[in-house]
Each structure stands twice: as C-alpha cells, then as structure tokens.
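Asker: Per the working numbering, residue 582 is the first one in the sequence shown, and the count goes up by one each step.
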Amino acid sequence: MNSPPSQESISQITDQNPGLALQALEKVRQELLAERTPDGHWTGELSTSALSTATAVMAFHQPLLARPDDPAAPTWKELIERGVLWLVEHRNPDGGWGDTVRSNSNISTSTLAGAVLEMGQSYSTCAPRLTPGFLEPTRQYLKKHGGPDAIRARYGKDRTFSVPILMHSALGGVVEWKEVAQLPFELACLPANWYKWAQLPVVSYALPALIAIGLVKHRKQPTWFLPWRWLRNLATKPALKVLKSIQPTTGGFLEAAPLTSFVTMSLVAAGEARHPVVQEALRFLENSVRPDGSWPIDTNLATWTTTLSLQALGEAVPQEQIEPVVEWLLGQQYQEVHPYTNADPGGWAWTDLPGGVPDADDTPSAMLALTQIRPRVSETQSARIETSLNNAARWLLSLQNRDGGWPTFCRGWGKLPFDRSSCDISAHVLRALQIQGLTHQKAIQQGYRFLQRQQREDGAWLPLWFGNQFAPDDENPIYGTSRVLLAYTEDQPAILAGLVPQAEDIRQRGIQFLLDCQNPDGGWGGTKQVSSSVEETSLALTALQENRADAEAIERGLNWLSRAITSDQHQVATPIGFYFAKLWYF
C-alpha cells in the first residue's frame, strides 16, 4: 500500500483534465476508508501462495503417515487433496510455479510444489490428475534449472531457506538426505543473548527451523562423529523446550504458513508426531487455509497496513474513528521483552497477532502515523502517544548496528542479508527519530553516513524487503530510492541544521535517478524500462513531491496514476513485496 498524491499537489496540475486527478484521489480515499474493520483499523489480505500451499500440504502429509488412525486424519486428507489440486490448477505454462499467482516460476517454489505432486500420486482424488504426462513438464523444469545445487546457489551462505526446501524434498522422496545440511540445533540451548555471537547459519527469525530441521536431519542421518552425536542427543530435549517456549498462542511461528509447516513436517518426521508444538502448529495451519484450498504466506499485515493507511489518509480519517484506531495502535506496541528474538520493549510488529516480532520498519511507521494523527486526539491520548514515542525511540536506538544503519529485527546477529543493515529501513528510522528533533543527534548522523556509503554511483539505493521480478537481479531501486529520499527532504531537522555532509548532492543524485527512470507513459516500474505500476509510480511521486522536484515529471506521473486509478488498475496488486528469504507476495 502506498500513499496517494496529496490534494495540494493534484490541484497544481496543468493537465487539460485536472478533474480526473481529483476524482482519482477521492476514489482511492473512499475505497480505503471502506476497507476499515469495525474498530477502525485495516487488516487487508495477503496473496495466496504456491510455496505456502506446497509446504502446508507436506506438513499435513507427515502426520497422516505417522498417525493414520488419528481422529483428525480425514480432515488432514481433505486439506492435502485440496492443496494438491490447487497446485495442479495454478502451475505456470513452463511447468514451474512462482511464489504468487502473478509471479514468474522460480526453482525454490517449483521444487517444493514438484515434491508435493510426486507425493500426491498416492491420494486417490489427486492421482487421476497427476498422470506422467502432466508431471513431465515439472520434472523437465526442475532438471533444466539445476536441482539441489541451484537451490544452494540461490541462497549462498544463508541456509534459512535452502535447507528447509531440501528437507521438504527429502521427505517427498525426490532428493536424498545427504543433500540436506545439518543445522546446529544444539546452539538453541545457549542463552538467548548469546545467539548473536554464535554465528548461526540462519537468520534471527528462523530459530524454530534451526531446531526442528536440525533435529530431523540428526534423526534421519546422524553424524559419524560420536561425541557430536551424543551432544545432539543430549541437546534434543532442551532444544524442544526452547521451541515450545517461543511458539505463539496461535500455533503459527511468525504467523507464517511456510515456517510453521517446515517445523511441523520436521518434528513429525523426527518421530515427534505427538509433541505439543506439532498439535498447535497443525491447528494454526487448519485455521489459515483459504476457501480455495490454498494458503497465504502470513495471516495479515494489519499493523503495517494501518500505519500506512493513516499516513495516506491524513485529515480524511473521520474524527469519530481517531480515538479507537489510536487505542488499537498503542495496544500493539510491545511492553515486555519478546520471547522469540529477546527484543526489548518498545517496538511494533507487522501484525496484531501473537506470532509477530517487533521490527525496525513497522516501528517507525507506527511512530510517524501516531505523530501525524496526534493533533486530533485528546490530551490524555496525546500524553500516552508521547510516552509511546519515547519508548519506541529508545528501542530503535538499541537496535542500531555499528555501521550506523538499522537491521530489521536484531542488532548484530550476523552477516546474512536479512539480518544486515538496510537502506529502506534505516531511512525510515531516521525519519521517525527526527520526530523529536535532534535529541538523538549522534545516532542520526551515523545513520546518514550509512546511507551516504550505500548510495550507488547512479544515485539509487536498494531496499531489502522489496523487489521487482522484471528488473535485473529482482532488485527494486525505485522503491529503495523513493523511501530513502523521504529522509533527505529539506524539512528534516538534521538537514536543516546542516549536520548531513553533502546532503544536497546526495539528494539531487537520488532525484535524478528517479527522473531518469520515468517511463515514456509517465509512470515508473521497478527500474528503468520496466513497465509502470501503481505501486512504484506512487512511491516515486511521493518522493519527488516531498523533495519539490521537477514539476513536469510530477505532472506526467500524476496523469498516469490518475488514469490507472480511474480504470481500476490499482485493484490488481503488483507482487513487489519480499517476505523472508526473497519470497514474493502482494
């Protein structure tokens, strides 16, 4: 979701039909207001996912094999069959699958789905559809794109996703267990505050996978080195205790079907089919299936969606809705140490559900939304917002890495991509910290120095959590540059005070990159010569407007965006979001 252009900027259009732009603005405002829940916040709906569906099906297949007489077995069987048939119906013409129904095929999702279809031949409802003729294009796709070696190459040193994919494939009988690396689950027995020193081969949010997948590999193919084997035997019970302690009450780790499914299938295959973690995880997966038999990658992004909506709507939020939505948002701020990442209180997660984890993108978004809406609340709520902002700022300061930037979840966990400092998140944090002026001057200056070092020669910045499947290397410099430029506007306290060296040069280079990437139709895609989208055009326009950039380029962009909205193009979301480990969503 992106902020629509402001009415002030639209009213300055010199196009022959300025009424079209105002009409588009009013249209999206009313549509956004209509999407509110009864208590005034926004939930939204995440795209369904072939990857999530494949992993959930395998997660139910394992307990059905282990416990065929379980009272829940008929339900599991039905969910498996519906999921397999959904995958059959949504395969791409090349024989593979993308992460969403609008995504290009990729080796990861195709491997997961392919293993499920091979397994699905044993189910009577599915077998007639899974003929050799139907399966052959998928087999050829996987053969062409490299198999296990391609999976490992795609993720490099980060085993967060490569090992789960290969483990899933081993359970499906399509690869041997020797292809599955041993994850050191015994490290989960260390005190939580030691994890960042342990150099884990997975990122901070993947601790459940480390434990469960490490255990199933140990049980299926233990190391020949007896002292290490004995150590892992001794570590099993305490590691499972840690796993249980970090499972949220909904049963879903991170509220995510893929991670929860990987944990479930691993534990069952490791002989732990009746473990409480498995029971709760299966409950979560049963509750999160879609009516068409598929699963999304996560339950919702309610907090993220709400904070962006509040910022986009501004004064258009009805006064009677202000108090309840502020109460709801304040209620999502963590007040205690998080049991999963050991994060201090003060942050927000992407969701209002128990499986969320506080992060450095949703936290500044909440801070900016509360600040914008604060003039419209009571004195009592205003005082609570002040306390909330102070707590959030302290939390963000505690997260800053030594390089001056901000990671997503945990400070200094390691060097894996999704635990490193990132440009889009760091810029978001800098904007939020400057709500309080220059109170945190040293941290702010360090953050700007990080952004200066990260700017590319062409003036762009790359984001961590967003991409474009039609851009080189799946990158999205339009998103990254647009988000960072919002931290370089002339009204930012550090910019006003002259505390950011070369700020004007940096800003102009970023602006010029956006201008150079504008398409002939007036819109923007993920980078130069990529088809225009509502999302990326909105992002670029917001950055250019806030930086008072080229009026003609803004006018052309607004014209394209207005036409797209009036023709309902904005109702078809573009898959530019990255979930964990570059898993596409919209």
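Ideal Cβ positions, reconstructed from N, Cα and C, are used throughout, including at glycine.
By alpha-carbon positions, which one of Val1010, Ala637, Gly754 ends up nearest to Leu1066?
Answerer: The residue labelled residue 1066 in the question sits at position 485 within the sequence shown. The residue with the shortest Cα to Cα distance from Leu1066 is Val1010.
Asker: For Phe766, does the three-state DSSP call read helix, strand or coil?
Answerer: Taking the first residue of the sequence shown as 1, we reach residue 766 at position 185. The answer is helix: DSSP assigns Phe766 an H, G or I state.
Asker: Could you give the distance in angstroms between the alpha-carbon of Arg1034 and the alpha-carbon of Gly1104?
Answerer: If you number the sequence shown from 1, residue 1034 lands on position 453. If you number the sequence shown from 1, residue 1104 lands on position 523. So the two alpha carbons sit approximately 29 Å from each other.
Asker: DSSP three-state call for Tyr786: helix, strand or coil?
Answerer: Walking along the sequence shown from the start, residue 786 turns up at place 205. If DSSP states are grouped into helix, strand and coil, Tyr786 belongs with the helices.
Asker: Buried or exposed: where does Pro829 fall if 16 or more other Cβ atoms within 10 Å of its Cβ makes it buried?
Answerer: Sequence index remark: in the sequence shown, residue 829 carries index 248 (1-based). When all chains shown are included, Pro829 counts as buried.
Asker: For Pro1228, which residues does DSSP report across the bridge?
Answerer: The structure shown does not extend to residue 1228, since the chain is modelled only from 582 to 1167, so the question has no answer here.
Asker: With a threshold of 16 other CB atoms inside 10 Å of the CB of Thr681, please say whether the residue is buried or exposed.
Answerer: As a working mapping, residue 681 is identified with position 100 in the sequence shown. Per the 10 Å Cβ criterion, buried.
Asker: Would you mind working out which of Val849, Ile1157, Ala838 sits nearest Gln643, comparing C-alpha positions?
Answerer: Mapped onto the sequence shown, residue 643 falls at position 62. Checking every option, the nearest Cα to that of Gln643 belongs to Val849.
Asker: Touch check for the region 916-933 and the region 968-981: three-plus C-beta pairs under 8 Å?
Answerer: Yes, the region 916-933 touches the region 968-981.
Asker: Any idea if Ser1119 is buried or exposed, counting beta-carbon neighbours within 10 angstroms, 16 or more meaning buried?
Answerer: As a working note, residue 1119 is residue 538 in the sequence shown. Counting Cβ neighbours within 10 Å, Ser1119 comes out buried, since at least 16 surround it.
Asker: Using CA atoms only, rank isn't needed, just tell me which of Leu911, Pro789, Ser826, Ala816 is closest to Ser963.
Answerer: Numbered from its first residue, the sequence shown carries residue 963 at position 382. Taking only the C-alpha atoms, the option nearest Ser963 is Leu911.
Asker: Just how far apart, CA to CA, sit Trp885 and Pro939?
Answerer: Numbered from 1 along the sequence shown, position 304 holds the residue referred to as residue 885. Numbered from 1 along the sequence shown, position 358 holds the residue referred to as residue 939. Those two C-alpha atoms are separated by around 11 Å.
Asker: Would you identify the three-state DSSP class for Phe806, choosing helix, strand or coil?
Answerer: Looking up residue 806 in the sequence shown gives position 225. Phe806: coil per DSSP, three-state reduction.
Asker: Gln593 by DSSP, collapsed to three states: which one?
Answerer: By 1-based counting over the sequence shown, the position of residue 593 is 12. Residue confidence is low: Gln593 scores 45 on pLDDT, short of 50, so the model does not pin down where it sits. No coordinate-derived value is stated.
Asker: Could you tell me the alpha carbon to alpha carbon distance between Lys738 and Asn687, rounded to whole angstroms?
Answerer: Counted from its first residue, the sequence shown places residue 738 at position 157. Counted from its first residue, the sequence shown places residue 687 at position 106. Using only the alpha carbons, I get a separation of about 19 Å.
Asker: Can you look up Asp940 in the DSSP assignment and give me helix, strand or coil?
Answerer: Residue 940 sits at position 359 when you count from the first residue of the sequence shown. DSSP places Asp940 in strand when its eight states are reduced to three.
Asker: Quick one: what does DSSP say Trp811 is sitting in, helix, strand or coil?
Answerer: Here residue 811 refers to the residue found at position 230 when the sequence shown is read from its first residue. Of the three classes helix, strand and coil, the one that applies to Trp811 here is helix, per DSSP.
Asker: In this structure, how does DSSP classify Phe1031 when only helix, strand and coil are distinguished?
Answerer: Against the sequence shown, residue 1031 aligns to sequence position 450. Note: Phe1031 maps to helix in three-state DSSP.
Asker: Tell me which residues share the same chain as Phe1031 and place their Cβ nearer than 7 Å to its Cβ, disregarding the 5 neighbours each side in the sequence.
Answerer: Locating residue 1031 in the sequence shown gives position 450, counting from the first residue. Here the set comprises Asp984, Gly985, Gly986, Ser1002, Ser1007.
Asker: From the DSSP secondary-structure annotation, give me the bridge partner or partners of Trp987.
Answerer: Here residue 987 refers to the residue found at position 406 when the sequence shown is read from its first residue. According to DSSP, which records beta bridges pairwise, Trp987 is partnered with Ser1003.
Asker: Buried or exposed, going by whether 16 or more other CB atoms sit within 10 Å of the CB of Ala1154?
Answerer: Indexing the sequence shown from 1 puts residue 1154 at position 573. That one is buried.
Asker: Going straight from the alpha carbon of Val844 to that of Trp876, what length do you get?
Answerer: For the purposes of this step, residue 844 is taken as residue 263 along the sequence shown, with counting starting at 1. For the purposes of this step, residue 876 is taken as residue 295 along the sequence shown, with counting starting at 1. Rounded to whole angstroms, Val844 to Trp876 spans 16 Å at the Cα level.
Asker: In terms of residue numbering, what span does the alpha helix (DSSP H) encompassing Ala837 cover?
Answerer: In the sequence shown, residue 837 corresponds to position 256, counting from 1. Note, Ala837: premise wrong, no alpha helix (DSSP H); not H, not E.
Asker: Return the CA-CA distance between Val697 and Glu1133, expressed in angstroms with no decimal places.
Answerer: As a working mapping, residue 697 is identified with position 116 in the sequence shown. As a working mapping, residue 1133 is identified with position 552 in the sequence shown. Going by the C-alpha atoms only, they are around 52 Å apart.
Asker: So what's Phe525 in DSSP terms, helix, strand or just coil?
Answerer: Outside the displayed span of the chain (582 to 1167) sits residue 525, for which this structure offers no information.
Asker: Between the beta-carbon of Cys1004 and the beta-carbon of Ile1059, is there less than 8 Å?
Answerer: Residue numbering aside, residue 1004 sits at position 423 when the sequence shown is read from its first letter. Residue numbering aside, residue 1059 sits at position 478 when the sequence shown is read from its first letter. It is not a contact, given that the beta carbons lie outside the stated cut-off.
Asker: Have a look at Leu768, Gly728, Ser1114 and flag the residue whose alpha-carbon is nearest the alpha-carbon of Glu760.
Answerer: In the sequence shown, the residue the question calls residue 760 occupies position 179. When only C-alpha atoms are compared, the closest one is Gly728.
Asker: What is the DSSP secondary structure of Trp623, counted as helix, strand or coil?
Answerer: As a working mapping, residue 623 is identified with position 42 in the sequence shown. Coil at Trp623, not helix or strand.
Asker: Identify every residue that forms a DSSP beta bridge with Trp1170.
Answerer: Since the first residue shown for the chain is 582 and the last is 1167, residue 1170 is missing from the structure and cannot be characterised.
Asker: Evaluate Glu670 with the Cβ neighbour count: other Cβ atoms within 10 Å of its Cβ, from every protein chain shown; 16 or more gives buried, anything less gives exposed.
Answerer: Looking up residue 670 in the sequence shown gives position 89. Under this definition Glu670 is an exposed residue.
Asker: Are there 16 or more other CB atoms within 10 angstroms of the CB of Ala1084, so buried, or fewer, so exposed?
Answerer: Position 503 of the sequence shown holds residue 1084. With 16 or more other Cβ atoms within 10 Å, it is buried.
Asker: Whole angstroms are fine: how far does the CA of Asn814 sit from the CA of Ser630?
Answerer: Start at 1 with the first residue of the sequence shown, and residue 630 comes out as number 49. Start at 1 with the first residue of the sequence shown, and residue 814 comes out as number 233. Straight-line Cα distance between these residues: approximately 36 Å.
Asker: Any contact of the region 832-839 with the region 855-872, i.e. 3+ C-beta pairs under 8 Å?
Answerer: A contact exists between the region 832-839 and the region 855-872.
Asker: Taking Cβ positions, are Val609 and Ile1146 nearer each other than 8 Å?
Answerer: Taking the first residue of the sequence shown as 1, we reach residue 609 at position 28. Taking the first residue of the sequence shown as 1, we reach residue 1146 at position 565. Closer than 8 Å, so yes.
Asker: If you reduce the DSSP assignment to three classes, tell me which class Lys759 lands in.
Answerer: Within the sequence shown, numbered from 1, the residue matching residue 759 stands at position 178. The answer is helix: DSSP assigns Lys759 an H, G or I state.
Asker: Give the secondary structure of Leu1086 by DSSP, where H, G and I count as helix, E and B as strand, and everything else as coil.
Answerer: Sequence index remark: in the sequence shown, residue 1086 carries index 505 (1-based). A small correction: the amino acid at residue 1086 is Asp; Leu does not occupy that position in the sequence shown. Reduced to three states, the DSSP call for Asp1086 is helix.
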